[in-house]
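Below: one structure, written as structure tokens.
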Amino acid sequence: MRPHLHSSAAERNRQPILHVLQALLPASGSALEIASGTGQHVAHFAAALPGWTWQPSDAQPDAFDTLQAQCTAADVSNVRPPVLLDVLDAHWPSSGATFSAPFDLVYCANLLHIAPWACCAGLMQGTARCLAPQGRLVTYGPYLEDGVPTAPSNRAFDASLRQRNPAWGIRQLHDVAAEAARAGLQLSARHALPSNNLLLLFERARSA
Ligand SMILES: C[S@@+](CC[C@H](N)C(=O)[O-])C[C@H]1O[C@@H](n2cnc3c(N)ncnc32)[C@H](O)[C@@H]1O
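Counting from 0, one number per residue, gives the positions in the sequence shown under numbering that gives the first Met the number 0.
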């Protein structure tokens, strides 16, 4: 595997994320992963949640070979081939056949701070289009929160992101929740995870 297609962060955070998913999710279902990257998350989750079928995706196909190698190494058969999916596109996936059924879970880690803000609306609206009525959206990553002092490491990370690309940066949780609400989704739970990251759970708003 090419070294730049391996994420040390994904190696560290996959197990804490899995612990929360295991507590939240029923034994079986279908999941769409947005921004799968190297596939380290989907391979790990598919092995630990064998009753779930996983559909990985990313806007960049560069890492699809790596993702499939991760799944082969994990010896999982419940991961579909990755599809091209840019959250900004009005139809998901971005090319090929549309998804045959709604998903019980949409999972998206570490996208919102490393993409333009418009991707948040894209994520929420696309999720609302392809989520089953009782389905859930899980996002994971760093967020800024009202009334919660920002950790120095997150401040430094935010500055480095904005230096790399002025359109990037750690997002305000209340802005993300407002974007979700515009798509008919409500923030229903917040789990603090290591290294000042949050796992957020969204569900369809009752009136939606
Ligand atoms: C920091 S990586 C996160 C990978 C993985 N989810 C993880 O947590 O290890 C960000 C990923 O977002 C993808 N991405 C960036 N813009 C995107 C977009 N508009 N739609 C979907 N994926 C996008 C990138 O290609 C990249 O794989």
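C-beta atoms are modelled at their ideal positions from N, C-alpha and C, and glycine is treated no differently.
Within the stretch 12-93, the runs of beta strand (DSSP E) that reach at least 3 residues and sit entirely inside it are, in chain order, 28-33 and 51-54. In this structure, residue 142 sits away from residue 30, with a CB-CB distance that is not shorter than 8 Å.
Residue 180: not part of any beta strand (DSSP E); member of the alpha helix (DSSP H) spanning 172-181, first to last residue. Residue 156: not part of any beta strand (DSSP E); member of the alpha helix (DSSP H) spanning 151-163, first to last residue. Residue 202 is bridged by DSSP to 135 and 185. Fully enclosed beta strand (DSSP E) runs of no fewer than 3 residues occupy 102-108 and 130-140 of the stretch 98-143, in order along the chain.
A contact between stretches requires three or more CB pairs, one per stretch, nearer than 8 Å, and the stretch 146-154 fails this requirement with the stretch 122-130. In the assembly as shown, residue 90 is an exposed residue. Its beta-carbon has fewer than 16 other beta-carbons within 10 Å.
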